[in-house]
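Working notes, beginning with the structure itself.
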Ligand SMILES: NC(=O)c1ccc[n+]([C@@H]2O[C@H](COP(=O)([O-])OP(=O)(O)OC[C@H]3O[C@@H](n4cnc5c(N)ncnc54)[C@H](O)[C@@H]3O)[C@@H](O)[C@H]2O)c1
């Protein structure tokens, strides 16, 4: 791998992938429209093109990708609940954006395309969930991710491009969004605790999530990029392989609880990582409790 594009490289997970690639000596270009991404996340050693992938000119994009060997596609409007309220911009960013990128990448002769998918494609699934579980998206966002995976597979079948989709479970780590409409649960609870307010928990708080460390997600992407295996639309779970309830998470953070908001969401997520372990020897190393302790210290300090 010599030249890579990271879409969404100004976002939470994408910026960590950029940092790792730069450390490895890879020439990195970011494509990001900064709709949720931040200038301060951008590694100054990377070239950055501010561009919306849903409205990009395909010829420009194709030309831009010449001599690129690997694409890490993270750009997306990445939240479940807002996709229910605003399905059209979510579809544009997540489906049209992915399709445009795949067309340009195959036309430009990109070798490998690594797509950031999501455990949300499973819906309410039996746990631990393996990749061959029935897929049942229950939000526009989840369906967009499934369409992205299937486009990847189709492009590998029709054109000469390797594609692989990584189904991340809930990702945590430094640079998680602290503000804006799309904040994740951990920063929301941290803010509420700091302000002396109870943590507002959706549903009854017994829903369990497989919280996955961002460093492990970066590692999975890099392993896919470097692997000698051919990927023809393969999919892999990327989870921690254990889970905690939202109530337990709030206890870990030392917060009071309040309930009331009813939302449609899977009851439990838990990854079976056997496939990625077998094929790529990937193993998670994240320690949620340890990270939360450090995060709360920094947040309150
Ligand atoms: N964070 C998680 O827990 C999680 C879980 C599963 C999957 N994912 C996937 O991982 C990827 C990264 O997620 P994240 O948490 O870092 O989100 P994020 O919002 O921090 O990053 C997404 C980035 O994409 C950019 N973007 C959005 N629409 C764009 C468009 N049309 N054109 C160009 N850039 C655009 C945003 O500005 C942002 O920088 C997403 O594809 C998301 O669906 C994330």
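Numbering (our numbering), first residue to last: 28 to 328.
Just so it is clear, CB atoms sit at the ideal spot from N, CA and C, and this is done for glycine as well.
Contact check, residue i vs residue j, beta carbons under 8 Å
{"i": "residue 39", "j": "residue 203", "result": "yes"}
{"i": "residue 212", "j": "residue 271", "result": "no"}
{"i": "residue 56", "j": "residue 73", "result": "yes"}
{"i": "residue 298", "j": "residue 264", "result": "yes"}
{"i": "residue 37", "j": "residue 89", "result": "no"}
Exposure label - residue i; buried when at least 16 CB within 10 Å
{"i": "residue 191", "result": "buried"}
{"i": "residue 176", "result": "buried"}
{"i": "residue 104", "result": "buried"}
{"i": "residue 167", "result": "buried"}
{"i": "residue 52", "result": "exposed"}
{"i": "residue 221", "result": "exposed"}
{"i": "residue 68", "result": "buried"}
{"i": "residue 60", "result": "buried"}
{"i": "residue 44", "result": "buried"}
{"i": "residue 319", "result": "buried"}
Helix, strand or coil at residue i [DSSP, three-state]
{"i": "residue 34", "result": "strand"}
{"i": "residue 99", "result": "strand"}
{"i": "residue 59", "result": "strand"}
{"i": "residue 291", "result": "coil"}
{"i": "residue 54", "result": "strand"}
Nearest neighbour of residue i, chosen from the options [CA to CA]
{"i": "residue 157", "options": "283, 268, 200", "result": "268"}
{"i": "residue 283", "options": "89, 227, 44, 112", "result": "227"}
{"i": "residue 144", "options": "169, 150, 250", "result": "169"}
{"i": "residue 292", "options": "301, 281, 308, 232", "result": "232"}
{"i": "residue 235", "options": "276, 286, 91", "result": "276"}
beta-carbon residue i near ligand 3 non-hydrogen atom, thresh 7 Å
{"i": "residue 150", "result": "Ligands displayed in this structure: ligand 1; ligand 3 is not among them."}
Neighbourhood of residue i by C-beta, 6 Å cutoff - its chain only, sequence neighbours within 5 removed
{"i": "residue 119", "result": "81"}
{"i": "residue 95", "result": "30, 32, 137"}
{"i": "residue 154", "result": "295, 297"}
Contacting residues, own chain, Cβ-Cβ under 8 Å from residue i (five flanking each side not counted)
{"i": "residue 258", "result": "139, 183, 189, 190, 191, 251"}
Nonlocal neighbours in the same chain, by C-beta distance under 7 Å from residue i, ignoring five residues either side
{"i": "residue 198", "result": "40, 239, 241, 244"}
{"i": "residue 77", "result": "59, 60, 61"}
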